[in-house]
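J.: Attaching a single structure in structure tokens format; questions to follow.
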Amino acid sequence: MARDDDTLVQLLTPDGERVDRAVGPDGVEYSVDLTDAEYRGFYRDLVTVRRLDAEATALQRQGELGIWASLLGQEAAQVGSGRALRPQDMVFPTYREHGVLYCRGIDPIMPLSLFRGVDQGAWDPIETRCGMYTIVIGAQTLHATGYAMGITMDGKVGNDDGEAAIAYFGDGATSQGDVNEAFIWSAVYTAPVVFFCQNNQYAISEPIERQTRVPLYQRAAGFGFPGVRVDGNDVLASYAVTRHALDHARGGQGPTLIEAYTYRMGAHTTSDDPSRYRPPAEAEAWRSRDPIARLAAFLGKQQIADESFFAEVDEQARTEAVRLRERVLTMPDPAPDSIFDNVYPHGSPLLDGERERFNAYRKSFEGSAH
Amino acid sequence: MATEALTLGKALNAGLRRALDRDPKVVIMGEDVGKLGGVFRITDGLQKDFGENRVIDTPLAESGIIGTAVGLALRGYRPVCEIQFDGFVYPAYDQIVSQVAKMHYRSRGMVRLPIVIRIPFGGGIGAVEHHSESPEAYFAHTPGLKVVTCSNPSDGYTMIQQAIASDDPIVFLEPKRRYWEKGEVDPEAEAYPLHSARVTRPGTDVTVVAYGPMVRTALDAATAAAEDGRELEVIDLRSLSPLDLAPVYESVRRTGRCVVVHEAPSNVGLGAEIAARVTEECFYSLESPVLRVTGFDTPYPAARVEEEYLPDLDRVLDAVDRTYGW
Ligand SMILES: Cc1ncc(C[n+]2csc(CCOP(=O)(O)OP(=O)(O)O)c2C)c(N)n1
Numbered sequence: 001m002a003r004d005d006d007t008l009v010q011l012l013t014p015d016g017e018r019v020d021r022a023v024g025p026d027g028v029e030y031s032v033d034l035t036d037a038e039y040r041g042f043y044r045d046l047v048t049v050r051r052l053d054a055e056a057t058a059l060q061r062q063g064e065l066g067i068w069a070s071l072l073g074q075e076a077a078q079v080g081s082g083r084a085l086r087p088q089d090m091v092f093p094t095y096r097e098h099g100v101l102y103c104r105g106i107d108p109i110m111p112l113s114l115f116r117g118v119d120q121g122a123w124d125p126i127e128t129r130c131g132m133y134t135i136v137i138g139a140q141t142l143h144a145t146g147y148a149m150g151i152t153m154d155g156k157v158g159n160d161d162g163e164a165a166i167a168y169f170g171d172g173a174t175s176q177g178d179v180n181e182a183f184i185w186s187a188v189y190t191a192p193v194v195f196f197c198q199n200n201q202y203a204i205s206e207p208i209e210r211q212t213r214v215p216l217y218q219r220a221a222g223f224g225f226p227g228v229r230v231d232g233n234d235v236l237a238s239y240a241v242t243r244h245a246l247d248h249a250r251g252g253q254g255p256t257l258i259e260a261y262t263y264r265m266g267a268h269t270t271s272d273d274p275s276r277y278r279p280p281a282e283a284e285a286w287r288s289r290d291p292i293a294r295l296a297a298f299l300g301k302q303q304i305a306d307e308s309f310f311a312e313v314d315e316q317a318r319t320e321a322v323r324l325r326e327r328v329l330t331m332p333d334p335a336p337d338s339i340f341d342n343v344y345p346h347g348s349p350l351l352d353g354e355r356e357r358f359n360a361y362r363k364s365f366e367g368s369a370h
Numbered sequence: 001m002a003t004e005a006l007t008l009g010k011a012l013n014a015g016l017r018r019a020l021d022r023d024p025k026v027v028i029m030g031e032d033v034g035k036l037g038g039v040f041r042i043t044d045g046l047q048k049d050f051g052e053n054r055v056i057d058t059p060l061a062e063s064g065i066i067g068t069a070v071g072l073a074l075r076g077y078r079p080v081c082e083i084q085f086d087g088f089v090y091p092a093y094d095q096i097v098s099q100v101a102k103m104h105y106r107s108r109g110m111v112r113l114p115i116v117i118r119i120p121f122g123g124g125i126g127a128v129e130h131h132s133e134s135p136e137a138y139f140a141h142t143p144g145l146k147v148v149t150c151s152n153p154s155d156g157y158t159m160i161q162q163a164i165a166s167d168d169p170i171v172f173l174e175p176k177r178r179y180w181e182k183g184e185v186d187p188e189a190e191a192y193p194l195h196s197a198r199v200t201r202p203g204t205d206v207t208v209v210a211y212g213p214m215v216r217t218a219l220d221a222a223t224a225a226a227e228d229g230r231e232l233e234v235i236d237l238r239s240l241s242p243l244d245l246a247p248v249y250e251s252v253r254r255t256g257r258c259v260v261v262h263e264a265p266s267n268v269g270l271g272a273e274i275a276a277r278v279t280e281e282c283f284y285s286l287e288s289p290v291l292r293v294t295g296f297d298t299p300y301p302a303a304r305v306e307e308e309y310l311p312d313l314d315r316v317l318d319a320v321d322r323t324y325g326w
């Protein structure tokens, strides 16, 4: 169960009470001052992202997706951090950041085509300022660091058109060499990068105790940059902490490690069986910290939103989910010889020959029972 | 234990269990191998019965898994490392190629590293990227390593035990799309030598060389070819390094035709090596060039087109036909 220790930055309690200011372990004071419309916007994001995720899980169960990595329970960490980004910032996600993508304005069909096996998740990373999903654990933290070094070299730190990079990864990923190398590089080059670790307590079956003996955010100190632990089920705190870290990076002060303390409510992916390694009571206990319920409670108490608003948001999310479902069901399979596309920007004689023989071979079946 | 029909997955599990039972120095290590029993359940129940010090859930760090296995081996243990999927072995590649493969040589024979690196490999299960690769050539190219792969439950059961008992570091490739296929396993049967190829189906007309997941495909092709009156001889290589090509040479001298099948891309792959050696050894017996049926020289494609990528029965038969065209 999550410890509500005093290092956890929280701006909204599980009961939906606003906390004015919270001081992080680094001594920084965090607060948010949002308009009512912005609060409602956060709520809409959370509900929509959860609804689309549920739809994807259902699609997988119906055999329409090969696999799905659900973000259930992690909506606040993703929406809070995602909404803290500025358009010019660059995102380096792993494979579960559907909520961040959503905030980035990326069509939700994009990750679905990856999980359906139609392509490998090919949205345009340059245009969207959001890297492709990274399945090899931790690899993207180095990409983010290098990108951030490029930002510095381009003189885009410490001024008005400042940029930053953000890398997403899980608690398990912190054990990888790549992630530790990214910490070192970003520190010694003062790279404008934010490391956003969603500590959802598990790496498939392995609990956080199998990856670390110290709270993850404390590791940053050993590399020479600040680390902060935020309540990852609190969208306001996730937003405030990320915004601060991005500004810090943008201002030329280097990296920050954010540990968003949260919980993966579902299975690791649809192929996983959490009952083998997780006591049911544990997930139950985390249910009381649900990110959506707590924001709803706050909105209700403060009379920022009423029943008709909540109903309208639900309806809108449902409509988006239905639309997504329809699009998945009509998504065409790629052309067979597309497997030869884009291996090299300018092709290769070896592949040209293979493609030619492949097509001739396929043609030889035409008209037969095959 | 009498002869029993087991899936390849269960057979490997039984083999691992027996190895743990027999030698207290054997330890299994990897991500999720404990409570979960591995993502493919190959280590199912082993931690429960042998404890957390024999079946070790490791941090999520492949270089760490292999690097610490080196240290454990130096202390007399026999680590069996599980890499969760083929595409995740590369973070450990440096440890395997630069350290594991060379210590015996560098120490002038004083150091032995009896490490087994188990990797579920190959495609055909509709997975997302990095979950369907065939990295065998990278390892087979590295002197100091041995590389083996099983194609059926019976071999799975014995080969894993032999690999663990071996003093060499061994990359043990498990054809993941065959994990659920059943076959007879006789635990008392005399073990076939680990590094020997085996004629799986005798035939007179064309020699088909395959290993791992493609043995099933080659056998299916042989069944289909028999209906057309062609007898294919199917040879399961089992060991990719060292290669045991004596049975292949013997066969090709009889058949005069040879087709090599693997899922990995053809360029600089195992098929090239085999074709070259068969050509050298059997030049005067060959009626046609040695042909390869392989995956294409592309990254492993998205699941919806993987059937186009993977060699299937028809492609094997097509190559067989072509050997008659010379
Ligand atoms: C290098 C590498 N090793 C193993 C895997 C298989 N794998 C996929 S997700 C995962 C667990 C990741 O846990 P964590 O980093 O905590 O992220 P989470 O999935 O919990 O968000 C593992 C072991 C992988 N994708 N990459």
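If you read the sequences in order, they're chains A and B. According to UniProt numbering, the first sequence is numbered sequentially starting from 1. According to UniProt numbering, the second sequence is numbered sequentially starting from 1. No residue lacks a Cβ here, since even glycine has one placed at the ideal position from N, Cα and C. This structure is a prediction, so every number in the text was calculated from the model and none was measured.
1) Among residues of its own chain, excluding the 5 on either side of B:G203, which ones have a beta-carbon nearer than 6 Å to its beta-carbon?
2) Tell me whether A:N180, by its Cβ, gets closer than 6 Å to a heavy atom of ligand 1.
3) On the three-pair Cβ rule with 8 Å, is the region 85–92 of chain A touching the region 320–336 of chain A?
4) To the nearest angstrom, how far is it from the Cα of A:G254 to the Cα of A:A54?
5) Going along the chain, which residues of its own chain have a beta-carbon closer than 6 Å to the beta-carbon of A:R3, five neighbours each way excluded?
6) Taking the continuous beta strand (DSSP E) assigned at B:I65, which residues delimit it?
7) Determine whether the beta carbon atoms of B:V128 and B:L113 lie at a separation below 7 Å.
8) Could you please give the first and the last residue of the uninterrupted beta strand (DSSP E) stretch that includes A:N199?
9) Name the DSSP beta bridge partners of A:L257, please?
10) Can you list the residues of chain B that A:S175 reaches, using a CB-CB cut of under 8 Å?
11) Mind listing the chain B neighbours of A:E206? Cutoff is C-beta to C-beta under 9 Å, in chain order.
12) A:R276 versus chain B: which residues are under 8 Å apart at the beta carbon?
13) Tell me the residue span of the alpha helix (DSSP H) that contains B:A14.
14) With a cut-off of 7 Å, does the C-beta of A:R210 fall near any C-beta of chain B?
15) Given a cut-off of 7 Å on the beta-carbon distance, is the pair A:A260 and A:S238 in contact?
16) Which one of B:G9, B:V261 and B:S154 has the shortest CA to CA distance from B:E188?
17) How is B:Y105 classed by DSSP in three states: helix, strand or coil?
18) Where does A:A22 sit, in a helix, a strand or coil, going by DSSP?
19) Quick one, which of A:I204, A:R229 and A:Y189 has its alpha-carbon nearest A:T270's?
20) What are the residues that DSSP puts in a beta bridge with B:C81?
21) Between A:V46 and chain B, is any beta-carbon pair separated by less than 7 Å?
22) What's the C-alpha gap between A:M1 and B:A221?
23) Under 7 Å Cβ-Cβ, which residues of chain A neighbour B:N267?
24) Is it right to say B:I170 is buried, meaning 16 or more other beta carbons lie within 10 angstroms of its own, or is it exposed?
25) Do you know how far the Cα of A:V9 is from the Cα of A:S308?
26) By the DSSP assignment, the beta strand (DSSP E) with A:A167 in it spans what residues?
27) Is there at least one Cβ from chain B nearer than 7 Å to A:A122's Cβ?
28) Of the residues B:W326, B:G325, B:P311 and B:T323, which one's Cα is nearest the Cα of A:R362?
29) Do B:I66 and B:I42 come within 7 Å of each other at the CB atom, strictly closer than that value?
30) Tell me, please, whether the region 140–158 of chain B touches the region 344–361 of chain A by the rule of three or more beta-carbon pairs shorter than 8 Å.
31) Report yes if the C-beta distance between A:A187 and A:F225 is below 7 Å; otherwise report no.
32) Within 8 Å, do at least three Cβ pairs link the region 131–139 of chain B to the region 186–200 of chain B?
33) Going by C-alpha to C-alpha distance, which of B:G126, B:R22 and B:P79 sits closest to B:Y309?
34) In chain order, what residues of the same chain have a beta carbon less than 6 Å from the beta carbon of B:L72, not counting five sequence neighbours either side?
35) Using only the alpha-carbon positions, how far apart do B:C81 and B:D167 sit?
T.: Let me lay it out:
1) Position 203 of the second sequence, counted from the first residue, corresponds to residue 203 of chain B. Excluding residues within five positions, the ones whose Cβ falls inside 6 Å are E231, L232 and E233.
2) Here residue 180 of chain A corresponds to residue number 180 of the first sequence, with the count starting at 1. Residue side-chain check: A:N180 keeps its Cβ at 6 Å or more from all non-hydrogen atoms of ligand 1.
3) no
4) Residue numbering aside, residue 254 of chain A sits at position 254 when the first sequence is read from its first letter. Residue numbering aside, residue 54 of chain A sits at position 54 when the first sequence is read from its first letter. So the two alpha carbons sit approximately 37 Å from each other.
5) In the first sequence, residue 3 of chain A corresponds to position 3, counting from 1. Caution is warranted here: a pLDDT of 44 is assigned to A:R3, below 50, making its placement in the model unreliable, and the coordinate value is therefore given only provisionally. Cβ neighbours of A:R3 beyond the five flanking positions: none.
6) Taking the first residue of the second sequence as position 1, residue 65 of chain B is located at position 65. B:I65 -> not in any beta strand (DSSP E); alpha helix (DSSP H) instead, spanning E62 to L74.
7) One-based indexing of the second sequence puts residue 128 of chain B at position 128. One-based indexing of the second sequence puts residue 113 of chain B at position 113. Not in contact: B:V128 and B:L113 (Cβ atoms no closer than 7 Å).
8) Within the first sequence, the letter at position 199 stands for residue 199 of chain A. Looking at the DSSP string, the run of the beta strand (DSSP E) that includes A:N199 is V193 to N199.
9) Numbered from its first residue, the first sequence carries residue 257 of chain A at position 257. DSSP, once it has assigned bridges, lists A:F195 and A:G227 as partnering A:L257.
10) For this step, residue 175 of chain A is matched to residue 175 along the first sequence. Per Cβ cutoff of 8 Å: P59, L60, A61 and G64.
11) Start at 1 with the first residue of the first sequence, and residue 206 of chain A comes out as number 206. E31, D32, G34, K35, L36, D57, T58, P59 and L60, listed in chain order.
12) Here residue 276 of chain A refers to the residue found at position 276 when the first sequence is read from its first residue. The answer, in chain order, is K35, L36 and G37.
13) On the second sequence, residue 14 of chain B is found 14 positions in, with the first residue counted as 1. Where B:A14 is concerned, the enclosing alpha helix (DSSP H) stretches over L8 to R22.
14) Taking the first residue of the first sequence as position 1, residue 210 of chain A is located at position 210. True, the Cβ-Cβ gap to chain B drops below 7 Å.
15) Position 260 of the first sequence, counted from the start, is the residue given in the question as residue 260 of chain A. Position 238 of the first sequence, counted from the start, is the residue given in the question as residue 238 of chain A. The criterion of a C-beta distance shorter than 7 Å is satisfied by A:A260 and A:S238.
16) For this step, residue 188 of chain B is matched to residue 188 along the second sequence. Here the closest residue by C-alpha is B:S154.
17) Locating residue 105 of chain B in the second sequence gives position 105, where the first residue counts as 1. If DSSP states are grouped into helix, strand and coil, B:Y105 belongs with the helices.
18) Position 22 of the first sequence, counted from the start, is the residue given in the question as residue 22 of chain A. If DSSP states are grouped into helix, strand and coil, A:A22 belongs with the strands.
19) Taking the first residue of the first sequence as position 1, residue 270 of chain A is located at position 270. Among A:I204, A:R229 and A:Y189, the Cα nearest to that of A:T270 belongs to A:I204.
20) Working through the second sequence from its first residue, we reach residue 81 of chain B at position 81. BP columns for B:C81 point to B:M29 and B:I117.
21) Within the first sequence, the letter at position 46 stands for residue 46 of chain A. For the record, residue 46 of chain A in the displayed sequence is Leu; it is not Val. It does not: the Cβ of A:L46 has no partner Cβ on chain B nearer than 7 Å.
22) To locate residue 1 of chain A, count along the first sequence from 1; it is residue 1. To locate residue 221 of chain B, count along the second sequence from 1; it is residue 221. Because the pLDDT at A:M1 is just 36, under 50, the model does not fix this residue reliably, and the point stays unresolved.
23) Translated into the one-based positions of the second sequence, residue 267 of chain B becomes position 267. Going along chain A in sequence order, the residues near B:N267 (Cβ under 7 Å) are L350.
24) In the second sequence, residue 170 of chain B corresponds to position 170, counting from 1. B:I170 is buried by the Cβ-count criterion.
25) Walking along the first sequence from the start, residue 308 of chain A turns up at place 308. Walking along the first sequence from the start, residue 9 of chain A turns up at place 9. Approximately 32 Å between the Cα atoms of the pair.
26) Your numbering for residue 167 of chain A matches position 167 in the first sequence. Its beta strand (DSSP E) spans residues A165 to G170.
27) Residue mapping note: residue 122 of chain A aligns to position 122 of the first sequence, counting from 1. No, its Cβ sits nowhere closer than 7 Å to a Cβ of chain B.
28) If you number the first sequence from 1, residue 362 of chain A lands on position 362. The candidate whose alpha carbon is nearest that of A:R362 is B:P311.
29) Along the second sequence, one-based indexing puts residue 42 of chain B at 42. Along the second sequence, one-based indexing puts residue 66 of chain B at 66. No, they are not a contact pair.
30) no
31) Within the first sequence, the letter at position 187 stands for residue 187 of chain A. Within the first sequence, the letter at position 225 stands for residue 225 of chain A. Yes, Cβ-Cβ distance for A:A187 and A:F225 is below 7 Å.
32) no
33) Taking the first residue of the second sequence as position 1, residue 309 of chain B is located at position 309. Ranking B:G126, B:R22 and B:P79 by Cα distance to B:Y309 puts B:G126 first.
34) For the purposes of this step, residue 72 of chain B is identified with residue 72 of the second sequence, where counting begins at 1. So the list reads P79, once near-sequence residues are dropped.
35) Start at 1 with the first residue of the second sequence, and residue 81 of chain B comes out as number 81. Start at 1 with the first residue of the second sequence, and residue 167 of chain B comes out as number 167. Those two C-alpha atoms are separated by around 15 Å.
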